[in-house]
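Trainee:
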Amino acid sequence: MTAKPDFQIRPVHAEEHAALGDLTVASYLDGGFLIGGLDDPYAPHLRDVAHRAASAQVLVAVGEGGLLGGVTLAFHGSPMCELGGPGDAEIRMLAVDPAAHGRGVGSALAAACVERARAESGTKRIVLCSQQTMTTAHRLYRRLGFERAPELDWYPLPDVQLWGFVLSL
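One point on numbering: in UniProt numbering, the residue at position 141 of the sequence shown is 141, and numbering is uninterrupted.
#1: May I have the straight-line CA-CA distance separating V60 from P5, to the nearest angstrom?
#2: Hey, L167 and V105: beta-carbon distance below 8 Å or not?
#3: Report yes or no: do three or more beta-carbon pairs, one from the stretch 128-142 and one from the stretch 55-75, lie closer than 8 Å?
#4: Where does Y42 fall in DSSP's three states?
#5: Roughly how far, in whole angstroms, is the beta-carbon of L73 from the beta-carbon of A89, given that I think they are within contact range, below 8 Å?
#6: Note down the Cα distance separating M1 from P156, rounded to an integer number of angstroms.
#7: So which of A95, L169, A56 and L67 has the shortest CA-CA distance to G77?
#8: Is M1 helix, strand or coil when you go by DSSP?
#9: Are W154 and L162 close, meaning C-beta to C-beta below 8 Å?
#10: Exposed or buried, which one is H13 when buried takes at least 16 other CB atoms within 10 Å?
#11: T24: buried (16+ other C-beta within 10 angstroms of its C-beta) or exposed?
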């Protein structure tokens, strides 16, 4: 029997934007995914939850102690949907507080995105990209049914390759 999670998944509240931005940057730093540390050019994008929430769905995992993680789900036509075309949803910026690792937070957030994408009329697949070194995330995506999609791979910087993944709905 699987234990019920001790957290809930819901849309982010405006008053949580700053805290989720800080959590997202901390998560990426903890994983070694911001090459330039706090000065990495991607850090301000990770921090800007208000911008994400204006054109996409931002979900959070909330436990008794507060925010545990967050993720962005964007649909085709949103400026946050960079990889996806017509009929696609895109998962972006999945982050879990390092103190909450191992509790199923990342899995629950990603599964909530899959559920929401399936409920959105006309959505045929979910795409995402992930740094080549994010092996824990890759295992999570594969457990949810995502497959590698090399045709979606790209380089935001010459020395940073992002791998594409896709889930057909």
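All residues carry an ideal CB built from backbone N, CA and C; glycine is no exception.
Please read all numbers here as calculations on a predicted model, not as lab measurements.
Mentor: In brief:
#1: Those two C-alpha atoms are separated by around 14 Å.
#2: no
#3: no
#4: Y42 falls in the coil class under three-state DSSP.
#5: 6 Å
#6: Bear in mind that a pLDDT of 48 at M1, under 50, signals an unreliable position, so the number given afterwards is only what the model happens to contain. Computed Cα separation, rounded: 43 Å.
#7: Comparing Cα positions, the closest option is A56.
#8: Legend: pLDDT at M1 = 48, less than 50; position of this residue unreliable, value from coordinates given subsequently. In the structure shown, M1 sits in coil (DSSP, three-state: anything other than H, G, I, E or B).
#9: yes
#10: Around the beta carbon of H13, fewer than 16 other beta carbons sit within 10 angstroms, so the residue counts as exposed.
#11: buried
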